[in-house]
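Numbering follows the UniProt record's numbering, with no gaps: position 90 of the sequence shown is 90.
Backbone N, C-alpha and C fix where the C-beta goes; we use that ideal spot for every residue, glycine too.
Only one structure is covered here, and it is reproduced in the block below.
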Amino acid sequence: MSCAACAVSVESMLKTTPGVVDAGVNYANQQAWVEFDPQVVTQQELQTAIRSIGYDLVMDVEDPQAVQAEAQERQYESLKKRMIWAAVLSVPVVVIGMFFMNIPYANEIMLVLSAPVVFGLGRSFFVNAWKQARHGKTNMDTLVALSTGIAFLFSTFNTLNPDFWHRRNIHPHVYFETAAVIVVFILLGKLLEERAKSNTSSAIKKLMGLQPKTVRIVENDVETEIPVASVRVGQVIVVRPGEKIPVDGVVVAGTSFVDESMISGEPVPVEKKAEQTVFAGTINQKGSFRFRAEKVGADTVLAQIIRMVQDAQGSKAPVQKLVDRIAGIFVPVVISIALLTFLVWMLFAGENAFAQALLTSVTVLVIACPCALGLATPTAIMVGVGKGADNQILIKDAESLELGHKVNAVVLDKTGTITAGKPTVTNLEWQRSDIAQASSVLYALENQSEHPLAEAVVEYLTGLSVKSLPLESFESLTGRGVSARYEGVTYRVGNLRLLDEHGISVDAVVEKRVKQWQDEARTVVYFTDEKNVLAIIAIADQIKETSKAAIETLKNRGIDVYMLTGDNPQTARAVAQAVGLTDFRAEVMPSDKAAFIQELQSRGKVVAMVGDGINDSQALAQADVSIAMGKGSDIAMDVARMTLITSDLGSIPKALELSRKTVRVIRQNLFWAFIYNLIGIPIAAGILFPINGFLLNPMIAGAAMALSSVSVVSNSLRLRGARL
């Protein structure tokens with residue numbers, strides 16, 4: 001596709017094909033999506049319909065992105081060759097036309113040199129314009145074909161039949177150099193545009209580069225190398241040091257550390273051993289291991305991230321729908337203006353009326369370009385989505401990116417959003433000096449317990465390199481804790497009820513500390529022997545390190561921040577106070593969260609909801625901008641339009657700032673695209689001629705048209721260096 005009007009033509013052709021429910025085409029990333037009834041229309045028939053207007057569909061291939069990239073590279077190389085040859089042939093035409101127009105056979109030489117430029121190297125403009133015209137459609141090629149074709153044919157007539165004008169006392173002007181140079185400038189503009197558009201997709205290319213091409217599988221103790229596309233679920237794959245992991249799976253043998261920064265954003269490699277999950281695209285460090293493929297192809301986390309970024313780059317912001325409508329009528333309007341210009345000059349220009357009428361109408365056709373208009377929004381969206389992906393912010397659609405800067409209320413879930421969503425030991429205070437053996441007993445007790453809080457204690461003691469001991473008579477006491485014997489002594493871990501049952505008293509110092517921890521919304525666990533409290537342990541769902549700073553940043557920007565949680569009021573209050581929030585709701589059901597957001601919206605708020613669980617999905621669907629935590633549930637991520645891969649609240653201000661900067665670039669692009677045409681077309685039509693005798697040269701008009709598209713794409717690319 002060569003312009004925004006092309007995209008509109010393809011989209012309308014798809015939509016009017018019988019059996020198609022809906023379709024959309026994105027000019028910037030050259031992609032289409034089609035919703036159709038396979039009982040009525042086949043993919044091949046869709047392809048035939050698009051081919052009939054001069055385009056093609058790439059589909060049903062193993063790696064469509066690679067095919068598309070290859071096609072774009074071929075297109076770029078072809079454009080480059082055509083542009084170079086057109087320039088080589090045009091230079092002598094321009095030199096003769098400007099400086100040596102009176103040499104013998106000057107017009108004939110220019111005709112011979114410019115013909116291959118216009119109808120050979122510029123042939124695609126005429127072919128595409130004809131294919132469009134057969135279906136009653138127009139695009140940028142229509143403007144180029146009309147302007148260069150009319151200029152060339154008029155000049156040819158004047159060269160072969162100059163007496164026609166001499167008899168009327170008019171000098172027979174020729175515009176061969178104009179027709180040739182227009183083709184050169186437009187090919188140059190397209191060349192620069194192709195290169196710039198390929199740059200906007202760098203985020204996708206980086207993500208795709210994380211996928212290895214081949215893998216080694218193990219069958220019957222024999223290693224075989226196969227293409228990654230051939231991997232099936234259940235196959236065992238070998239990963240050696242320094243290699244990229246090809247698909248998602250579970251480790252079955254060996255241990256290693258894996259760099260998962262591309263998914264989690266965490267710079268520290270993660271230890272992987274048996275039964276732990278590994279993800280496609282992450283990089284194995286020093287160890288070697290084998291893992292069983294669980295998700296392959298399009299089901300891997302990396303493939304889903306790539307698809308999300310592609311869908312977002314291809315989605316249309318609300319403002320783009322208006323631009324599409326304008327682009328759809330742009331070319332017919334320009335042709336009408338060119339005809340009107342021709343008629344006005346013919347009526348009022350005097351003796352050189354025809355020559356000037358032709359020159360101005362051709363200039364109007366050349367300078368008018370819907371390309372800048374069509375590229376204004378999608379290029380900014382593509383770069384914005386790519387910038388988000390670089391910052392671990394996955395944006396699913398353009399609407400969220402466009403709406404984010406308007407957000408003035410953010411609603412946060414507590415567990416897993418403000419907090420880590422996982423209980424951890426915050427304090428362990430011993431009530432005796434000899435703790436070596438007691439620590440090992442505590443570790444052994446909790447290691448056998450099935451209580452969720454026991455896992456936090458085990459993890460904490462593991463970090464202290466505590467070793468386990470063999471226990472006897474282990475017993476799980478429902479609702480109270482666990483007990484077991486070691487060297488004839490009974491040890492217990494549990495709550496206050498367990499202590500009361502066995503008559504174990506708690507002294508005033510311990511009681512005061514327990515009260516303090518409970519006020520801070522921490523759960524307290526007691527570790528005792530038969531008579532005394534040996535240790536008290538505080539366990540809490542810890543607040544993420546970045547949560548307080550992120551909330552403060554949002555509040556400083558004038559955004560209202562609320563916390564909703566299903567937890568008890570005491571815990572909710574403690575967390576809210578710790579992160580500097582005054583407005584929170586506790587014991588909230590999932591439907592209540594959605595209702596609260598609805599209430600804010602009814603008060604005129606633009607609401608962003610941030611959550612991580614299935615219980616947040618209803619509220620996420622209700623919000624204007626929905627943001628999911630990357631470590632949350634699949635449902636939350638499916639519903640949300642943005643996902644924070646790192647689960648770091650600090651990414652929320654970044655996402656809103658990215659939206660603000662992207663929208664600002666879109667507005668700048670649209671301003672320049674509109675102002676260019678609003679100023680350029682009247683000047684090209686000769687509006688300044690009655691004032692100062694100025695007429696715009698069609699060659700300069702062609703250069704200006706190319707420059708307009710390049711300036712819009714370049715402005716969008718500035719986003720890549722923006723600070724969030």
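Rounded to whole angstroms, how far is the Cβ of residue i from the Cβ of residue j, which I believe are closer than 8 Å?
{"i": "GLY297", "j": "LYS244", "result": "Not a contact, Cβ separation roughly 16 Å."}
{"i": "GLY494", "j": "LEU477", "result": "7 Å"}
{"i": "PRO212", "j": "VAL228", "result": "6 Å"}
{"i": "SER9", "j": "GLN132", "result": "6 Å"}
{"i": "VAL184", "j": "SER124", "result": "The pair is not a contact, with the Cβ atoms about 14 Å apart (cut-off 8 Å)."}
{"i": "PHE289", "j": "VAL250", "result": "Actually they do not touch by this definition, with Cβ atoms about 11 Å apart."}
{"i": "residue 725", "j": "VAL247", "result": "This structure cannot speak to residue 725, because the chain is shown only from 1 to 724."}
{"i": "ALA521", "j": "ALA540", "result": "7 Å"}
{"i": "ALA355", "j": "HIS173", "result": "5 Å"}
{"i": "PHE527", "j": "LEU442", "result": "5 Å"}
{"i": "ARG492", "j": "SER473", "result": "With 8 Å as the limit, ARG492 and SER473 do not qualify as a contact, their Cβ atoms being about 12 Å apart."}
By how many angstroms is the C-alpha of residue j removed from the C-alpha of residue i?
{"i": "GLY265", "j": "PRO682", "result": "Annotation note: pLDDT 43 at GLY265 (below 50); position unreliable, coordinate value reported separately. The alpha-carbon atoms of GLY265 and PRO682 are separated by roughly 53 Å."}
{"i": "ALA608", "j": "PHE126", "result": "50 Å"}
{"i": "PHE674", "j": "VAL117", "result": "30 Å"}
{"i": "ALA535", "j": "ILE652", "result": "40 Å"}
{"i": "PRO267", "j": "VAL20", "result": "In this prediction, PRO267 has a pLDDT of 45, which is less than 50 and means its spatial position is unreliable; what the coordinates show is noted afterwards. Approximately 47 Å, taken between the alpha carbons."}
{"i": "ILE627", "j": "THR523", "result": "30 Å"}
{"i": "LEU499", "j": "ALA586", "result": "30 Å"}
{"i": "GLY384", "j": "LEU401", "result": "8 Å"}
{"i": "MET98", "j": "VAL34", "result": "51 Å"}
{"i": "residue 780", "j": "PHE596", "result": "Nothing can be reported for residue 780: it is not among the residues displayed for the chain, which extend from 1 to 724."}
{"i": "LEU620", "j": "MET642", "result": "10 Å"}
{"i": "ALA253", "j": "ASP259", "result": "18 Å"}
{"i": "ALA409", "j": "PHE584", "result": "13 Å"}
{"i": "GLY386", "j": "TRP430", "result": "51 Å"}
{"i": "ASN391", "j": "VAL606", "result": "24 Å"}
{"i": "THR571", "j": "ALA722", "result": "39 Å"}
{"i": "THR200", "j": "PHE100", "result": "Residue confidence for THR200 is low, a pLDDT of 47 falling below 50, so the modelled location carries little weight; the figure read from the coordinates is stated next. Cα to Cα, the separation comes out at about 44 Å."}
On the three-state DSSP scale, how would you describe residue i?
{"i": "SER52", "result": "coil"}
{"i": "ILE237", "result": "strand"}
{"i": "VAL58", "result": "coil"}
{"i": "ASN26", "result": "strand"}
{"i": "GLU243", "result": "coil"}
{"i": "SER400", "result": "helix"}
{"i": "SER483", "result": "strand"}
{"i": "TYR676", "result": "helix"}
{"i": "PHE474", "result": "strand"}
{"i": "SER505", "result": "coil"}
{"i": "SER626", "result": "strand"}
{"i": "residue 747", "result": "Residue coverage of the chain in this structure runs from 1 to 724, which leaves residue 747 outside it and unanswerable."}
{"i": "THR643", "result": "strand"}
{"i": "LEU461", "result": "helix"}
{"i": "GLY611", "result": "strand"}
{"i": "MET1", "result": "coil"}
{"i": "THR138", "result": "coil"}
{"i": "VAL174", "result": "coil"}
{"i": "TYR105", "result": "coil"}
{"i": "PRO332", "result": "helix"}
Using alpha carbons as the reference points, say which of the options lies closest to residue i.
{"i": "LYS631", "options": "ASP624, VAL524, VAL610, ALA621", "result": "VAL610"}
{"i": "LEU339", "options": "ALA355, SER361, ILE326, GLY249", "result": "SER361"}
{"i": "TYR175", "options": "VAL625, PHE164, ARG167, PHE154", "result": "PHE154"}
{"i": "GLY693", "options": "ALA66, GLU35, VAL25, ALA349", "result": "ALA349"}
{"i": "VAL411", "options": "LEU143, VAL236, ASP560", "result": "ASP560"}
{"i": "ALA380", "options": "MET13, ARG664, ASP434", "result": "ARG664"}
{"i": "GLN68", "options": "VAL482, MET1, GLY24, GLN44", "result": "MET1"}
{"i": "ILE687", "options": "ASP529, PHE342, ASP612, PHE527", "result": "PHE342"}
{"i": "ALA594", "options": "THR571, THR565, ARG573, ALA572", "result": "THR565"}
{"i": "THR224", "options": "ASN107, ARG216, SER230", "result": "ARG216"}
{"i": "HIS405", "options": "ALA484, LEU554, SER708, LEU373", "result": "LEU554"}
{"i": "ALA684", "options": "CYS6, PRO269, LEU359, ALA49", "result": "LEU359"}
{"i": "SER708", "options": "ASN697, LEU695, GLN668", "result": "GLN668"}
{"i": "PHE279", "options": "LEU696, ALA303, GLN516", "result": "ALA303"}
So, does the CB of residue i fall closer than 7 Å to a CB anywhere in chain C?
{"i": "LEU113", "result": "The question asks about chain C, but that chain is absent: this structure has only one protein chain."}
- prompt: Does the region 569-588 touch the region 410-428, meaning 3 or more C-beta pairs lie closer than 8 Å?
  reply: yes
query: Are the region 638-658 and the region 541-553 in contact at 8 Å, needing three or more beta carbon pairs?
result: yes
query: Is the region 679-697 touching the region 446-462, taking contact as three or more C-beta pairs under 8 Å?
result: no
task: Check whether the region 111-121 touches the region 172-185, taking contact to mean three or more Cβ pairs, one atom from each stretch, closer than 8 Å.
output: yes
- prompt: Touch check for the region 395-406 and the region 652-663: three-plus C-beta pairs under 8 Å?
  reply: yes
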